[in-house]
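Student: I am attaching a structure below and will ask some questions about it afterwards.
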Amino acid sequence: MPQCYHHKGRGAFDPITTPPTKWAPSADHYPILKSAGGKLVPENVRLSHIWCNNKDYGWRTQIRTLLANGKSLAEIAEILNRKGVPPAHGTNRWTAAMVRKAYVS
167 MPQCYHHKGR GAFDPITTPP TKWAPSADHY PILKSAGGKL VPENVRLSHI
217 WCNNKDYGWR TQIRTLLANG KSLAEIAEIL NRKGVPPAHG TNRWTAAMVR
267 KAYVS
């Protein structure tokens with residue numbers, strides 16, 4: 167989860183409740199993503215928000231699918247911008263460089 171969307175940042179979490187809120191803590195596979203074979207073990211985990219993990223997973227899935235379909239990084243950036251997907255790193259628009267950084271981070 168390279169981008170935190172909480173207005174107070176990565177360190178602000180809601181209490182754990184049932185059902186959990188979007189700002190409740192959630193385990194994030196890092197530095198090796200779950201999709202890349204990362205395991206949820208102490209040396210490969212950090213705490214993040216449920217909302218941030220879901221956002222991150224959503225655009226990573228879209229990027230992975232578009233790459234598998236032979237789209238270039240520039241084409242993927244254009245598609246994400248057209249769909250209104252919020253950029254991963256806090257800027258206004260996706261660029262080819264951002265798509266690459268988001269995919270490999």
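Residue numbering for the sequence shown follows the working numbering, beginning at 167 and increasing consecutively.
Built from N, CA and C at the ideal position, the CB exists for glycine as well.
#1: So what's ASP180 in DSSP terms, helix, strand or just coil?
#2: TRP217 and TYR171 look like a contact to me (Cβ under 8 Å); what is the Cβ gap, rounded to whole Å?
#3: Give the DSSP bridge partners of ASP194, in chain order.
#4: Assess, as a yes-or-no matter, whether the segment 193-209 is touched by the segment 233-241 under the definition of 3 or more beta carbon pairs within less than 8 Å.
#5: If you follow the alpha helix (DSSP H) that LYS174 is part of, which residue opens it and which one closes it?
#6: Classify SER214 as buried or exposed, calling it buried when 16 or more other Cβ atoms lie within 10 Å of its own Cβ.
#7: Measuring alpha carbon to alpha carbon, tell me which residue in MET264, ALA190 and LEU246 is nearest ASP180.
#8: How about LEU233 and ILE245: are their beta carbons less than 8 Å apart?
#9: Below 6 Å CB to CB, which residues in the same chain sit around ARG266 once its five sequence neighbours on both sides are set aside?
#10: When you compare only the Cα positions, how much space is there between THR261 and ILE229?
Tutor: If we stick to the structure as given:
#1: Taken through DSSP and simplified to helix, strand or coil, ASP180 comes out as coil.
#2: Right, their Cβ atoms sit about 6 Å apart.
#3: Looking at the DSSP output, ASP194 bridges to ARG212.
#4: At 8 Å Cβ cutoff, the stretches do not touch.
#5: Element bounds for LYS174: n/a, residue is neither H nor E.
#6: SER214 is buried by the Cβ-count criterion.
#7: Selected option, being the one with the closest Cα: ALA190.
#8: 8 Å or more divides the Cβ of LEU233 from the Cβ of ILE245.
#9: Closer than 6 Å at the Cβ level, and outside the excluded window around ARG266, lie LEU239.
#10: Straight-line spacing of the CA atoms in THR261 and ILE229 works out to 12 Å.
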